[in-house]
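These notes concern the structure reproduced below.
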């Protein structure tokens, strides 16, 4: 019987906590709209030529003709692709190989 009382008390407590904050969340306050300037993401987008379209063949093509004319955001994403590919290779191949060599069944040190 003691376990049933504890379960009932825990359930009642959970319901009380759940529904006690509902009135506070439902209360609506009037908010004043504050005029502000452009956001940080807008400023970054302006510096990266966010309005300019990119040509995928110029970025990912074998000959890289026209790569210099691509917008800065496309070049940044291409650089991130190369970095993430190297990090994935390191994490999937080099890291486990090193772990096997150092901590594996045959100790090479």
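In UniProt numbering, the protein residues as written are 1 to 109.
For glycine and all other residues, C-beta sits at the position ideal for the given N, C-alpha and C.
Keep in mind the model is a prediction, meaning the values are calculated, not measured.
When secondary structure is reduced to three states using DSSP, residue 38 falls in the coil class, being assigned neither helix nor strand. Minimum Cα-Cα distance from residue 66 among the listed residues 76, 73, 55 corresponds to 55. Taking 7 angstroms as the cut-off, the Cβ atoms of residue 59 and residue 78 count as close.
In terms of Cβ geometry, residue 38 and residue 52 do not form a close pair [threshold 7 angstroms]. Annotated three-state conformation of residue 71 is coil, per DSSP.
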